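Note sheet for the following structure.
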Amino acid sequence: MKRFYLPILFIFISLNIKAQIAVGYINGYYDSYPPSAIDYKSLSYIAMSFIYPNADGSISVDSWFLNPQLVQSAHQHGVKVIVSVGGYGGSNGFSPMAADTSARRKFVANLVNFCLTNNFDGADLDWEYPAAGDRNNFTALCSQLRQAFNDASISTLSAAIPSQDWNNAYDISKLNNYLDWYGIMTYDFYGTWEKTSGNDAPLYSSPKQSGSMDNSVNYYLNKGMPKNKLCVGMPFGGYLLNSTAMYSSNSGGSTISYVDANAKISQGWSYVWDDVCKQPYLQNSSHTQLITYDDTISIKLKCEYICKNNLKGTIIWKIGRDYNGSQAPLLNMIGKYLYNYPVASPQPPALQSPVNGHTGDSTSILLKWNPVDSATSYRLQFSTAADFSVILGDRAGINLTYFPIGNLQNNTKYFWRVCASNLNGAGIWSDVWNFTTKNITAINHVNLTAPLEFNLSSYPNPFNPQTTITYSISKSGIADLSIYNILGIKIKTLLNEFKNAGTYNLKFDGSSLPSGIYFCKIQSGNYLKIIKMELLK
1 MKRFYLPILF IFISLNIKAQ IAVGYINGYY DSYPPSAIDY KSLSYIAMSF
51 IYPNADGSIS VDSWFLNPQL VQSAHQHGVK VIVSVGGYGG SNGFSPMAAD
101 TSARRKFVAN LVNFCLTNNF DGADLDWEYP AAGDRNNFTA LCSQLRQAFN
151 DASISTLSAA IPSQDWNNAY DISKLNNYLD WYGIMTYDFY GTWEKTSGND
201 APLYSSPKQS GSMDNSVNYY LNKGMPKNKL CVGMPFGGYL LNSTAMYSSN
251 SGGSTISYVD ANAKISQGWS YVWDDVCKQP YLQNSSHTQL ITYDDTISIK
301 LKCEYICKNN LKGTIIWKIG RDYNGSQAPL LNMIGKYLYN YPVASPQPPA
351 LQSPVNGHTG DSTSILLKWN PVDSATSYRL QFSTAADFSV ILGDRAGINL
401 TYFPIGNLQN NTKYFWRVCA SNLNGAGIWS DVWNFTTKNI TAINHVNLTA
451 PLEFNLSSYP NPFNPQTTIT YSISKSGIAD LSIYNILGIK IKTLLNEFKN
501 AGTYNLKFDG SSLPSGIYFC KIQSGNYLKI IKMELLK
């Protein structure tokens with residue numbers, strides 16, 4: 001027996017074993033994505049979509065579907081290729097086929113023959129969606145396919161399923177015996193079909209949005225799905241919505257790729273990071289449209305989530321939508337962080353601005369630092385003491401490489417530092433830099449007459465129970481927007497964050513307040529404006 005130990009050990013330490021998998025869907029009809037451009041090192045599987053099941057057990061294949069060059073290229077790079085069956089709009093044949101013993105047997109034989117003939121490594125069942133009455137038939141179909149695949153030495157059988165089992169259609173305890181993984185479609189939580197806008201693929205839920213990747217993962221784990229069979233979905237595109245602001249009314253829109261969404265930033269769209277849902281969105285300057293999508297930051301956080309929770313991996317709908325002709329940044333990010341997650345805490349960031357020793361002209365300032373490649377979040381501290389013996393601000397979990405701070409004292413020196421974190425913990429602190437606020441006149445002595453661009457209004461006014469507050473700021477900086485009662489007591493902070501110069505809208509809901517007079521105050525830099533609002537019930 002001993003003579004076998006060393007060779008076996010050698011095999012295990014020589015193989016590049018990937019703890020997680022990345023399954024990239026590709027659709028040849030819609031994608032002009034040449035096989036030579038695919039970042040194979042960032043993929044475990046390519047799922048070619050779609051072929052279609054028919055009620056009699058036969059299979060329909062579009063004339064453009066087969067791509068022997070892609071299959072050969074993927075295999076040369078050590079990437080397996082599976083065929084995806086069904087899809088949205090192509091699944092009508094599943095239910096009658098699976099319910100008929102003869103048709104089901106015929107389908108199994110046809111799918112085995114299709115995989116062997118075209119050199120596929122397996123199949124992905126994308127039945128959208130089985131009903132409660134299909135539950136036992138779907139289980140029987142998976143059972144027969146697994147046995148037939150084993151007999152034919154076909155390695156892989158998986159299924160794409162929705163973010164929740166709305167129809168009680170999946171017998172998870174039995175399917176675990178037949179499927180290599182489940183691809184949970186943790187995207188399309190919001191889109192063009194909804195009457196309100198929202199994040200299409202958030203990592204976490206928020207009070208205004210219940211659906212999320214984290215919500216779906218916990219849902220299926222509670223139903224008995226093993227972590228090592230659970231793949232979460234990542235979209236390489238999103239939705240352009242006709243909506244004035246996130247979580248407001250939506251009148252439709254269109255799909256958009258990551259490449260086209262990312263290009264909007266250079267066209268004047270504002271980038272907004274939802275720090276609760278951990279997903280960005282873009283807003284156009286006229287506040288008539290927004291784009292919800294994933295970028296490299298949110299993809300990196302999702303990779304960390306997969307590794308931290310020991311999940312099987314990810315399914316990607318779909319590769320090619322982040323390919324700009326030379327690079328595929330989202331797929332590259334998955335390759336870096338899913339397969340090769342950093343094994344050490346990140347290096348300290350290099351501080352960027354304001355430059356060390358800067359004297360400012362405001363009591364609000366935007367702190368910036370350079371990104372650390374292996375970081376997924378940052379922690380910022382600032383103090384009036386160089387040794388940080390007194391901490392005035394301590395904010396962890398920052399996902400961007402800048403952070404605004406306000407309400408600083410006049411003519412005061414502040415010290416600040418940043419450290420980076422990832423799954424392995426926090427790194428060491430950066431160098432300590434300082435800045436000094438300028439000795440500006442107290443607020444009650446300055447001319448509070450703002451330029452025409454600085455304004456505040458609400459409509460309707462009087463209101464019951466909602467009104468839309470419109471505010472304009474002429475200079476980028478911290479904007480503080482709050483509601484006070486008639487006694488001057490602050491009852492709600494609506495906004496306290498860095499805003500670019502421009503005009504914005506937000507809704508104020510007074511449902512929980514009694515009728516009466518209220519005041520809305522906005523302050524940004526040296527400018528201040530207050531309006532009276534009347535709530536009538």
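Sequence positions in the sequence shown follow our numbering and run 1 to 537.
Glycine is no exception: its CB is placed at the ideal position from the N, C-alpha and C atoms.
Given the structure is predicted, the values throughout are model-derived calculations rather than measurements.
Cβ-based neighbour list, residue i, same chain, cut-off 8 angstroms, excluding 5 preceding and 5 following
i: S257; result: F236, G237, R321 and D322
i: T412; result: T384, T436 and T437
i: G198; result: F189, Y190, K208, Q209, M246, Y247 and T292
i: T441; result: Low local confidence applies: a pLDDT of 44 at T441 is under 50, so the model's placement there is unreliable, with the coordinate-based value given in what follows. So no residue of the chain qualifies.
i: R105; result: G57 and Q144
i: V259; result: R321, D322, Y323 and N324
i: I8; result: At I8 the pLDDT is 33, less than 50, meaning the model places this residue with poor confidence; the figure from the coordinates comes in the next sentence. Closer than 8 angstroms at Cβ, skipping near neighbours: no residue.
Residue i to residue j span [Cα, whole Å]
i: T503; j: K475; result: 11 angstroms
i: I469; j: Y25; result: 44 angstroms
i: F94; j: I82; result: 18 angstroms
i: L452; j: N284; result: Residue confidence for L452 is low, a pLDDT of 41 falling below 50, so the modelled location carries little weight; the figure read from the coordinates is stated next. So the alpha carbons of these two residues sit roughly 22 angstroms apart.
i: K532; j: K229; result: 57 angstroms
i: G252; j: Y293; result: 16 angstroms
i: S421; j: S60; result: 50 angstroms
i: L70; j: M185; result: 25 angstroms
i: A152; j: C419; result: 53 angstroms
i: N168; j: F120; result: 31 angstroms
i: I489; j: G477; result: 25 angstroms
i: N67; j: G191; result: 31 angstroms
i: H445; j: T359; result: Confidence is the limiting factor: at H445 the pLDDT is only 31, short of 50, which leaves the residue's position unreliable and the question unanswerable from this model.
i: L487; j: F519; result: 10 angstroms
i: N262; j: P280; result: 11 angstroms
i: K300; j: D200; result: 17 angstroms
i: W64; j: I154; result: 24 angstroms
i: I398; j: F50; result: 40 angstroms
i: C277; j: S206; result: 6 angstroms
i: Q267; j: I334; result: 27 angstroms
i: L330; j: T296; result: 6 angstroms
i: G224; j: G89; result: 29 angstroms
i: Q381; j: D387; result: 11 angstroms
i: I491; j: I530; result: 15 angstroms
i: H287; j: T244; result: 5 angstroms
i: K302; j: T117; result: 37 angstroms
i: A103; j: T196; result: 43 angstroms
Buried/exposed call for residue i, threshold 16 Cβ in 10 Å
i: R395; result: exposed
i: I17; result: Below a pLDDT of 50, predicted positions are generally treated as unreliable, and I17, at 47, falls in that range; no measurement from the model is reported.
i: N447; result: Caution is warranted here: a pLDDT of 32 is assigned to N447, below 50, making its placement in the model unreliable, and the coordinate value is therefore given only provisionally. Looking at its Cβ environment, which holds fewer than 16 other Cβ atoms inside 10 Å, N447 is exposed.
i: P462; result: exposed
i: R417; result: buried
i: P460; result: exposed
i: N464; result: exposed
i: Y45; result: buried
i: W193; result: exposed
i: I517; result: exposed
i: S32; result: exposed
i: N27; result: buried
i: I21; result: buried
i: N150; result: exposed
i: D547; result: Since the first and last residues shown for the chain are 1 and 537, residue 547 lies out of range.
i: I13; result: Residue confidence for I13 is low, a pLDDT of 31 falling below 50, so the modelled location carries little weight; the figure read from the coordinates is stated next. Looking at its Cβ environment, which holds fewer than 16 other Cβ atoms inside 10 Å, I13 is exposed.
i: L241; result: buried
Chain-order list of residues whose beta-carbon lies under 7 angstroms from that of residue i (same chain, five-residue window excluded)
i: K336; result: none
i: L179; result: C142, L157, S158, A159 and K229
Beta-carbon contacts of residue i that lie in its chain and below 6 angstroms, excluding the five residues immediately before and after
i: N523; result: The displayed chain sequence assigns Gln, not Asn, to residue 523. D480.
i: E304; result: T376 and L423
i: C231; result: W181, G183, K312, G313, T314 and I315
i: V112; result: A148 and A152
i: A350; result: N370
Stretch-stretch touch, CB-based, cutoff 8 angstroms, three pairs: the region 109-127 with the region 152-171: yes
Meets three-Cβ-pair contact criterion under 8 angstroms: the region 65-78 and the region 33-42: yes
Cβ contact (3+ pairs, closer than 8 angstroms) linking the region 496-510 and the region 472-487: yes
Sequence ranges, beta strand (DSSP E) only - wholly within the region 23-103, length at least 3: 45-53 and 80-86
The region 209-225 / the region 341-358 touching (three or more Cβ pairs under 8 angstroms): no
Cβ pair count under 8 angstroms reaching 3, the region 170-186 against the region 128-143: yes
Touching by the beta-carbon criterion (3+ pairs, under 8 angstroms), the region 389-403 and the region 361-371: The answer is yes - the region 361-371 touches the region 389-403, with three or more Cβ pairs under 8 angstroms.
Start-end ranges of the alpha helix (DSSP H) lying completely within the region 178-254, minimum 4 residues: 213-222
Whole runs of the beta strand (DSSP E) within the region 310-395, excluding any shorter than 3 residues: 313-317, 351-353, 365-369 and 377-383
Entirely enclosed beta strand (DSSP E) segments - the region 261-293, minimum 3 residues: 270-274, 279-283 and 290-292
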